[in-house]
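Protein chains in written order, with our numbering: chain Y, 9 to 376; chain U, 9 to 376. Each residue gets a CB set at the ideal place from its N, CA and C atoms; glycine is no exception. Here the structure is a predicted model, which means the values were calculated and not measured.
Protein chains: 2
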Amino acid sequence: MTDDPAAARVGADGEAPPERPDVAGRATIRDVATRAGVSTATVSRVLAGIGNPKPDTAAAVLAAAEALDYRPSGVARSLRMRRTRTLGLIVTDIQNPFFPELVQAADLAARGLGYSILLGSAAYDEHRAMHYLDLMVDRRVDGMIIASSQLSRESWQWLTTSPVPVVVVNAEPSGVPVTVVTSDNEGGARRSAEHLIGLGHRRLAYIRGYEGFTADGPRFEGFSAACRDAGIPAADLVELRGDGQFEGGERCTRELIALGMPVTAIACHNDTTAIGALRALRSAGVRVPDDVSVIGCDDIAAAAWVVPALTTIAQQKAEMGRLAVERLAAALDHPEHGVEPETIRLPMVLRERESTGPARVGVRTGAA
Amino acid sequence: MTDDPAAARVGADGEAPPERPDVAGRATIRDVATRAGVSTATVSRVLAGIGNPKPDTAAAVLAAAEALDYRPSGVARSLRMRRTRTLGLIVTDIQNPFFPELVQAADLAARGLGYSILLGSAAYDEHRAMHYLDLMVDRRVDGMIIASSQLSRESWQWLTTSPVPVVVVNAEPSGVPVTVVTSDNEGGARRSAEHLIGLGHRRLAYIRGYEGFTADGPRFEGFSAACRDAGIPAADLVELRGDGQFEGGERCTRELIALGMPVTAIACHNDTTAIGALRALRSAGVRVPDDVSVIGCDDIAAAAWVVPALTTIAQQKAEMGRLAVERLAAALDHPEHGVEPETIRLPMVLRERESTGPARVGVRTGAA
DNA sequence: GGCGTCAGTGCAATCGATTACGTGGTGACG
DNA sequence: CGTCACCACGTAATCGATTGCACTGACGCC
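Structure below.
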């Protein structure tokens, strides 16, 4: 009945509005107790549903609470309970389309478990990330989820001594004993290479992400390993350094074009980079996938919007958010276990769209 | 010196790590007081920088705080101060690319003023929005920013009796006395129409957003008013009902195509819709802007990524977020003024890219 | 009828900070 | 040398909830 106050609020048009106390002073538990003629202890118990109060006592409390539009203060409760039921979530950059889906899923999962999310976007700035971390610790969040992949070694190290449980998402700090939920980046990149090679591509370019991204290494490793396995000479894999954003993809591709486009396929660290590549190719009049294939990674919404639609290796973003919250919540509910470091690596799957196709044959091979 | 703890944390590699008390029990102000040999009142005063303590007292307190890695509990402080320095922010949908930029700007502005942001994404669900509202009130946020445009009449009404100050962003509930920061939607849409008409277009389509969006009305009004002013017969303005998302744009455009494409230009409620339109047009082999021009609204990042790059009417998203926070903070710092309802309407500017061009002449005009 | 049991409540301590008010000590000045 | 002002600091109340423990009746049993 009263377990969804929002519903009550939305639906209640006919009833008389509850008398609203002065804005400055919301009703406290004491006000309710006085009005119901009981002690604050009883109010607390009735509202929490513990003990078995006499029916009319309960009714009186409920009525008083209703009449005063009483809402327990989360602040006071947090102080007393020594937990805020709030989880901190720090993301690399909320403007990067990769994160909103993760945030949404995490938020949903958290709410399902009775937690709220305090969000912080680091905007690619390590200092800001650490600042949020401090802020959240000061706000006494019960746990933290770090989905920020560009921290320095020392910062990662610091997490291990964090005063609150931490789960790392979408990053894989090496040598730091902490629970991690991430994608099988190496496998995904390998899949990406195999897809291109399967289409007949033999000369490839790989536009890497920003160096600090922990996923950058594994992805490139996986990609180049698959190339080696397929017998592609190292010289035929052009390695470029992007920044994980649109501009980097654009810039690197222009370099490639300036080089006379020595490859038939371009793989990218992520979709944003790939979309930048697509754009540069189009400006130069290079057709995709006829002349050159492009493949991304992440599967952000815009990947399906661009022309040609981007073939990509999808990450299970929502799943990552959900799992991170669940792991964290589980650790919080069973503090005796602690968060024993565990690494969950979600598989990545190929999402084939329009930007990849069979390798153009003969044209440039003849020149070699 | 100690005013940026994050900096101290990041930079401090050489120093010995402060002795970290048991995870379960962080140092409290009493621990610091004991160690420094003073009372908690003095610790509080020294750390807050009020009064003028004897130099060695201050030094002792600072040293003790440092040694214990003391962090004041935001929870306890909030309870005592009766303010949390937290602002609630409810957005329509964090996955809609429009919002992250607004959120980022709001967050930045808030942090600059010493506030944190508690974010809630309603995911287009009014109930969820109201639920967040309740949650945030329970968490005792100092104020709320509602950037959720699909509330019902009653919900908007409820805001006026809200126990905390509210600022509405990117929505314009009619008849609700509340501070609003929004765009000049009508003027922007007018500009959109004028742009198309200036290019020679005389038969236009407008794909509206979801009916509940408060911006939907003004935008369509502005657009059709401009058409009227230009002497375009009402029959030559085709009105379609989208949903403010990719799918709606796609669907409406397909309908238009099924009708034999009776127009030379399509204006859309927002960019996401326009991108859906572009996609449908391309599938049907209709060239943009050669055959049909398309214009969006908002100027999300992806607008510049798609092909052809989308001409659009830009909203000052960051500015909106910033202003909302500033207005709210100002109201909070001067509670005597209250939040006197005020409507700020930011201008929208035309961002001309590739998806609009001169109207094709003669082809279909001959049929008329 | 006395007494143990137990259900239903109330009392008061507690969480960790802030701050009004009170107090002891020092210096200045008559 | 007494007194007064004032500085630096401590004492204790307070914010609003939760909860261990104590208390009060009612009831049952011998």
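Under 7 Å by beta carbon: chain Y residues contacting residue i
{"i": "V111/U", "result": "I102"}
{"i": "D115/U", "result": "S129"}
{"i": "R290/U", "result": "V315"}
Reference residue i, options the options, closest by Cα
{"i": "A310/Y", "options": "S182/Y, G293/Y, A243/Y, D279/Y", "result": "D279/Y"}
{"i": "E255/U", "options": "A238/U, A282/U, D244/U", "result": "A282/U"}
{"i": "A72/Y", "options": "L116/Y, L55/Y, L110/Y", "result": "L55/Y"}
{"i": "G250/Y", "options": "H277/Y, G230/Y, I265/Y", "result": "H277/Y"}
{"i": "V186/Y", "options": "Q165/Y, S200/Y, D192/Y", "result": "Q165/Y"}
{"i": "S301/Y", "options": "R161/Y, V315/Y, S291/Y, A275/Y", "result": "A275/Y"}
{"i": "A44/Y", "options": "D64/Y, I265/Y, W313/Y, R34/Y", "result": "D64/Y"}
{"i": "P270/Y", "options": "R199/Y, A367/Y, A137/Y", "result": "A367/Y"}
{"i": "G268/U", "options": "R216/U, V294/U, R85/U, S363/U", "result": "V294/U"}
{"i": "T100/Y", "options": "V333/Y, S232/Y, P316/Y, G220/Y", "result": "G220/Y"}
{"i": "T261/U", "options": "G365/U, R287/U, E74/U", "result": "R287/U"}
{"i": "A238/U", "options": "A84/U, L204/U, R227/U", "result": "L204/U"}
{"i": "G206/U", "options": "C235/U, A179/U, Y218/U, N193/U", "result": "C235/U"}
{"i": "A213/U", "options": "P108/U, N60/U, V333/U, G304/U", "result": "G304/U"}
{"i": "M89/U", "options": "S170/U, R211/U, D150/U, I215/U", "result": "D150/U"}
{"i": "V175/U", "options": "I102/U, R148/U, A155/U", "result": "A155/U"}
{"i": "N104/U", "options": "A68/U, L289/U, A312/U, Y132/U", "result": "Y132/U"}
{"i": "A67/U", "options": "R85/U, V46/U, V83/U", "result": "V46/U"}
{"i": "A137/U", "options": "I102/U, R216/U, Y123/U", "result": "I102/U"}
{"i": "R199/Y", "options": "Y218/Y, F228/Y, P171/Y", "result": "F228/Y"}
For residue j and residue i, the rounded distance between their alpha carbons
{"i": "E360/U", "j": "L159/Y", "result": "38 Å"}
{"i": "V184/U", "j": "L141/Y", "result": "38 Å"}
{"i": "D115/Y", "j": "S81/U", "result": "24 Å"}
{"i": "G22/U", "j": "G225/Y", "result": "Any reading at G22/U must be qualified, since the residue scores a pLDDT of 35, below 50, and its modelled position is unreliable; no value is offered."}
{"i": "D30/Y", "j": "A130/Y", "result": "Interpretation of D30/Y is limited by its pLDDT of 44, a score under 50 that renders its predicted location unreliable; no figure is taken from the coordinates."}
{"i": "A32/U", "j": "L143/U", "result": "The pLDDT assigned to A32/U is 48, lower than 50, so where the model puts this residue is not dependable, and the model offers no usable value."}
{"i": "Y78/U", "j": "A233/Y", "result": "49 Å"}
{"i": "A243/Y", "j": "E263/Y", "result": "17 Å"}
{"i": "K62/Y", "j": "S52/Y", "result": "14 Å"}
{"i": "A375/U", "j": "R211/U", "result": "Here the model assigns A375/U a pLDDT of 39, short of 50, so the residue's position is not dependable, and the following value carries that caveat. Looking at the two C-alpha atoms, the distance is approximately 13 Å."}
{"i": "G57/U", "j": "R119/U", "result": "21 Å"}
Check whether residue i and residue j have beta carbons under 9 Å apart
{"i": "L95/U", "j": "A337/U", "result": "yes"}
{"i": "I153/Y", "j": "L97/Y", "result": "yes"}
{"i": "A113/U", "j": "M328/U", "result": "yes"}
{"i": "L331/U", "j": "I352/U", "result": "yes"}
{"i": "G230/U", "j": "G196/U", "result": "yes"}
{"i": "L126/U", "j": "L87/Y", "result": "no"}
{"i": "T222/U", "j": "S157/U", "result": "yes"}
{"i": "D298/Y", "j": "G365/Y", "result": "yes"}
{"i": "E258/Y", "j": "G284/Y", "result": "yes"}
{"i": "L76/U", "j": "V333/U", "result": "no"}
{"i": "P173/Y", "j": "A339/Y", "result": "yes"}
{"i": "A179/Y", "j": "T190/Y", "result": "yes"}
{"i": "R290/U", "j": "V315/Y", "result": "yes"}
Within chain U, partners of residue i - CB distance below 8 Å
{"i": "D146/Y", "result": "R79, P80, S81, G82"}
{"i": "S124/Y", "result": "L126, L143, R147"}
{"i": "T380/Y", "result": "Limits of chain Y in this structure are 9 at one end and 376 at the other, which puts residue 380/Y out of reach."}
{"i": "R287/Y", "result": "W313, V315"}
Beta bridge counterpart(s) of residue i as assigned by DSSP
{"i": "L126/Y", "result": "G96/Y"}
{"i": "L358/U", "result": "I321/U"}
{"i": "C235/Y", "result": "According to DSSP, which records beta bridges pairwise, C235/Y is partnered with nothing at all."}
{"i": "D251/U", "result": "In the DSSP output, where bridge partners are listed per residue, D251/U has none listed."}
{"i": "S191/U", "result": "L354/U"}
{"i": "V176/Y", "result": "I154/Y, V188/Y"}
{"i": "R216/Y", "result": "R249/Y"}
{"i": "S301/U", "result": "A273/U"}
Contact set between residue i and chain Y, taken where Cβ atoms lie within less than 9 Å
{"i": "P105/U", "result": "Q103, P105, P108, A309, A310"}
{"i": "P181/U", "result": "In chain order: nothing, as chain Y lies at least about 15 Å away."}
{"i": "V51/U", "result": "None at all; the shortest Cβ gap to chain Y is about 16 Å."}
Under 7 Å from the C-beta of residue i: neighbouring residues of chain U
{"i": "S86/Y", "result": "V83"}
{"i": "I283/Y", "result": "W313"}
{"i": "R249/Y", "result": "Chain U residues near R249/Y: none, gap ~21 Å exceeds 7 Å."}
Chain U contact residues for residue i, given Cβ-Cβ distances below 9 Å
{"i": "A34/Y", "result": "In the sequence as displayed, the identity of residue 34/Y is Arg instead of Ala. Chain U residues near R34/Y: V145, R148, P171."}
{"i": "F1/Y", "result": "Residue 1/Y lies beyond the stretch modelled for chain Y, which goes from 9 to 376, so this question has no answer here."}
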